Amino acid sequence: MTELAEKVQQDLVEAIDNDDLVLPTLPEVAMQIRQAAEDPEISVSTLSKVIGRDTALSARLIKVVNSPLLRATQEVTDLHTAITRLGVNYSSNLAIGLVMEQIFNARSEVVERKMRDVWRRSLEVAGVSYALCRSYTQLKPDQAALGGLVHQIGVLPILTYAEDHYELLADSVSLNHVIEEIHPLLGKKLLQVWEFPEQLVQIPEHYLDFNRQSSGIDYVDLVQVATLYCHKDSDHPLSRIDAFSVPAFKKLKIDPDDQAMCNDLQESRSMLY
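Shown next, in the form of structure tokens:
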């Protein structure tokens, strides 16, 4: 670890421990959607009105419902039908996740590029997590997709910090090291502050623990397998992880070399774009 990376890491960890680190707030529209979805009697029409206040978000949900993974015989062209097709729970969780794209903005080109890369990968992992959940578990696909969308959310505060500390921004080796070391801890902290369900709060902290054992299949397993799949055949260090030794694959009863499964998952990678 470089001296700069070590100093920054110590500063950030201390700030986290003392609750001095300014964390991004959940966008207002996400808060409104969550509040609406907490009503067990909420109707599709009511949720449509809440989500419909954000035209870009409405368009994304319609696009998702028309993706190859979910597409029905007739194209969906309106938000009410899209929510009816997806269901209230999935529409709510997916909308909350997609709204987070609004947090991915930056003042510098370097940080903007890194944020976009994180978001693009999060979209891919979310799509694959959804597909894995639907095909191999009894868990909720909407929660799996949301878990994929937030698994790297801890990178955001680090990049925001880097924008105010040019020496870190100018040293890509130190910046990448700090991100790798701290983003799981920050991600957990952020989701706790946003009052996410505990089963999703655990994802940023544990998705990179490839020796992790748990009593049953959970959302960490799904995001972990999705992450490895999305880095498969790339030059990223995660592509060198031996999937056959990862407990999550065994729990899901998935053969990493199953070409038919890989072909199916390839389509799901772009379902949220």
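1 is the number of the first residue of the sequence shown in this note's numbering; add one for each residue after it.
Heads up, the beta-carbon is just placed ideally off N, CA and C, and yes, glycines get one too.
As the structure is a prediction and not an experimental result, all values here were calculated from the model.
Judged by DSSP in its simplified three-state form, D258 adopts coil rather than helix or strand. Contact between I103 and P24 is confirmed by a C-beta separation of about 5 Å, below the 8 Å threshold. Less than 8 Å divides the Cβ of V220 from the Cβ of Q202. In the DSSP annotation of this structure, the continuous segment of the alpha helix (DSSP H) that includes Q202 starts and ends at E198 to H206. Note on geometry: alpha-carbon atoms of E163 and N105 lie some 11 Å from one another. Boundaries of the alpha helix (DSSP H) around H183: S172 to V193. Counting only runs of at least 4 residues, the region 88-132 fully encloses the following alpha helix (DSSP H) elements, listed from N- to C-terminal order: 88-99. Setting aside the 5 residues that flank it on each side, V76 is surrounded in the same chain by I62, V65, N66, A82 and R85, each with a C-beta closer than 7 Å to its C-beta; the list follows chain order. Within the model, the alpha-carbon separation for R240 versus D257 is close to 14 Å. Per DSSP, M31 is one residue of the alpha helix (DSSP H) stretching across E28 to A37.
D218 is classed as buried because its beta carbon has at least 16 other beta carbons within 10 Å across all chains shown. Residue nearest to Y273 within the set V111, L57, P157 and L4 is L57 (criterion: CA-CA distance). By the Cβ rule, the region 198-217 counts as touching the region 138-146, because three or more pairs are nearer than 8 Å. By the Cβ neighbour-count rule, P141 is buried, with 16 or more other Cβ atoms within 10 Å of its own. Going by beta carbons, V99 and V29 fall inside the 8 Å limit. H231 is the residue among R71, H231 and V22 whose C-alpha sits nearest the C-alpha of C262. The alpha carbon of S215 has as its nearest neighbour, out of L47, K189, K250 and Y130, the alpha carbon of K250. Taking C-beta atoms as the reference points, Q9 and V150 fail to come closer than 8 Å. Spanning the alpha carbons of Q213 and T227 requires a straight line of approximately 17 Å. Within the same chain, L23 come within 6 Å of V193 by CB-CB distance, once the 5 residues on both sides are set aside. For Y273, the secondary structure class from DSSP, reduced to helix, strand or coil, is coil.
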